[in-house]
Structure formats: structure tokens, C-alpha cells
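Engineer: Quick note on my numbering: the sequence shown kicks off at 1378 and runs consecutively. After the C-alpha cells below, expect a handful of questions from me.
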Amino acid sequence: MSGRRLIYLLIYPIPWIVIGAFSLAMPVIVGPAKDTFGLFFALVFGAVCLGCGAFQLWRFNVADPEIPLYPTVDDLPIEKRAAVLSRIMIFFSTVIILGTAVTTYQLVLMQYGWKEGAKVWAPVAHLYDLLGFWPAVMFIPGMGLLVIIEMARKLRAVRKATEYLDWPE
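Dropping the structure here:
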């Protein structure tokens, strides 16, 4: 078994199975639930986690060992890479915009005293404590911009490579 497949086995299906088994066994280990909703939630959550883990384990067992389980963009044929990279850039931009909006909203509430604390990402909270409002607000867009610039560089290289493939011999 290759290292990549072993890491996949340890990271994906086994934790799902452990969480599912623990959730199903929790009423026995901890004791009876205080209400029926808690009991049903633990049972349904455990069954869903166990099912997800079992499905991923089954998928791992039937997969061809030569094919990566979760291929990266670099594993795709060069003709498809540009389209996939463009879609990933659009999705990532949307996530960055939403993350920035949520973080800014939380920090504005705290900045103007409308709320005592904010639930933000730890690096953003540390920046807010050290440098103030605007560096904390601009941290997520700045990091996102760096990632998008790297993706754009890769997209340009892929388009240049596909351009050379279309040339007549």
C-alpha cells in the first residue's frame, strides 16, 4: 500500500467510523440522555457518520490502486486544466468575499460596542488585538489575493502549454 493511500485511509474513513461508533455508544457510555431529542440526535448523527465512513471505506477498497483517490488539478489532462482552474478561482473568490463579509460584520459589531466579543478566525483576532481594525479586516482578502495570484500564474502556464499543443507540426 502506498503512502498516499495509507494517509487517505487514516484521514478519511477511519475517523468517520470512530465518531459514528462513539455517537452510537454514547447513550451506553455516558448514560441515558436528558431528553429524547438528544438521544435521537446522537443516534442519527452516529448512523450518518458510520454510513459515511463505511461508504468511504468501501470506495477505498474497490478503487484501482494506480489511480489517485482524490486527484489534483495537475493529475488532469492538460486540455481540462484551464477550465477547472477557472472554476476553482471563481469558487475561491466567492468564498473569500463571503468570509470577508462575515468577519467584517463581526468586527464592526465589536468595534462600535454593539457586541462584547466576536467569533472570528484566530489569526484575525490576533491581528485585531495587535494592529487594530483595518489590518484584521484586510487579512482574509489579502491571503485570498495571494492564492488567486498563484492560481492565475498556473492558469497562464496551462494556457500557454495548451497553445503549444494546438500548433501544427
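The C-beta atom is built at its ideal place from N, Cα and C for all residues, glycine as well.
Quick check: what's the CA-CA separation for Ile1465 versus Phe1516?
Structural biologist: The residue given as residue 1465 occupies position 88 in the sequence shown. The residue given as residue 1516 occupies position 139 in the sequence shown. Approximately 21 Å between the Cα atoms of the pair.
Engineer: What separation, rounded to the nearest whole angstrom, lies between the Cα atoms of Ala1402 and Pro1390?
Structural biologist: Taking the first residue of the sequence shown as position 1, residue 1402 is located at position 25. Taking the first residue of the sequence shown as position 1, residue 1390 is located at position 13. Approximately 18 Å, taken between the alpha carbons.
Engineer: Starting from the C-beta of Gln1483, find all residues in its chain whose C-beta is less than 6 Å away, skip the five residues before and the five after it, and write them out in chain order.
Structural biologist: Along the sequence shown, read from residue 1 onward, the residue named residue 1483 stands at position 106. Cβ within range, chain order: Ala1495 and Val1497.
Engineer: For Tyr1505 and Pro1518, what's the separation of their Cα atoms in angstroms?
Structural biologist: Working through the sequence shown from its first residue, we reach residue 1505 at position 128. Working through the sequence shown from its first residue, we reach residue 1518 at position 141. CA-CA distance, Tyr1505 to Pro1518, rounds to 15 Å.
Engineer: Can you tell me which of Cys1429, Ala1431, Ala1502 and Glu1527 puts its alpha carbon nearest to the alpha carbon of Thr1470?
Structural biologist: By 1-based counting over the sequence shown, the position of residue 1470 is 93. The identity of residue 1470 in the sequence shown is Ser, whereas the question assumes Thr. The residue with the shortest Cα to Cα distance from Ser1470 is Glu1527.
Engineer: What did DSSP end up calling Gly1509 once you bin it into helix, strand or coil?
Structural biologist: In the sequence shown, counting from the first residue as 1, residue 1509 sits at position 132. Residue state, collapsed to three classes: coil.
Engineer: Can you have a look at Leu1508 and say buried or exposed, based on whether 16 or more other CB atoms are within 10 angstroms of its CB?
Structural biologist: Locating residue 1508 in the sequence shown gives position 131, where the first residue counts as 1. With fewer than 16 other Cβ atoms within 10 Å, it is exposed.
Engineer: With distances taken between CB atoms, is the gap from Ala1459 to Val1535 smaller than 8 Å?
Structural biologist: Looking up residue 1459 in the sequence shown gives position 82. Looking up residue 1535 in the sequence shown gives position 158. Cβ distance < 8 Å, so Ala1459 and Val1535 count as in contact.
Engineer: Would you decide whether Val1514 is buried or exposed? Buried here means 16 or more other CB atoms lie within 10 Å of its CB.
Structural biologist: Residue numbering aside, residue 1514 sits at position 137 when the sequence shown is read from its first letter. Flag for Val1514 reads buried.
Engineer: Alpha carbon to alpha carbon, how far is Trp1435 from Val1550? Give it in angstroms, no decimals.
Structural biologist: The structure shown has nothing for residue 1550, since the chain only spans 1378 to 1546.
Engineer: Please list, in chain order, all residues of the same chain as Thr1477 whose beta carbon is under 6 Å from its beta carbon, the five residues on each side excluded.
Structural biologist: Reading the sequence shown from its first residue, position 100 is the one you call residue 1477. The residues are Ile1517 and Pro1518.
Engineer: Using DSSP with H/G/I as helix, E/B as strand and the rest coil, what is Lys1411?
Structural biologist: Along the sequence shown, one-based indexing puts residue 1411 at 34. It is coil, neither helix nor strand.
Engineer: Quick check on DSSP: helix, strand or coil for Thr1481?
Structural biologist: Sequence index remark: in the sequence shown, residue 1481 carries index 104 (1-based). Here Thr1481 sits in helix by DSSP.
Engineer: Indicate the three-state DSSP secondary structure (helix, strand or coil) for Ala1440 in the structure shown.
Structural biologist: Taking the sequence shown and counting its residues from 1, the one referred to as residue 1440 is at position 63. The answer is coil: DSSP assigns Ala1440 none of H, G, I, E or B.
Engineer: Please report the distance separating the alpha-carbon of Leu1416 from that of Phe1437.
Structural biologist: Locating residue 1416 in the sequence shown gives position 39, where the first residue counts as 1. Locating residue 1437 in the sequence shown gives position 60, where the first residue counts as 1. Roughly 31 Å separates the two Cα atoms.
Engineer: Ile1455 and Ala1538: beta carbons closer than 8 Å?
Structural biologist: Looking up residue 1455 in the sequence shown gives position 78. Looking up residue 1538 in the sequence shown gives position 161. Yes, these two residues count as a Cβ contact at 8 Å.
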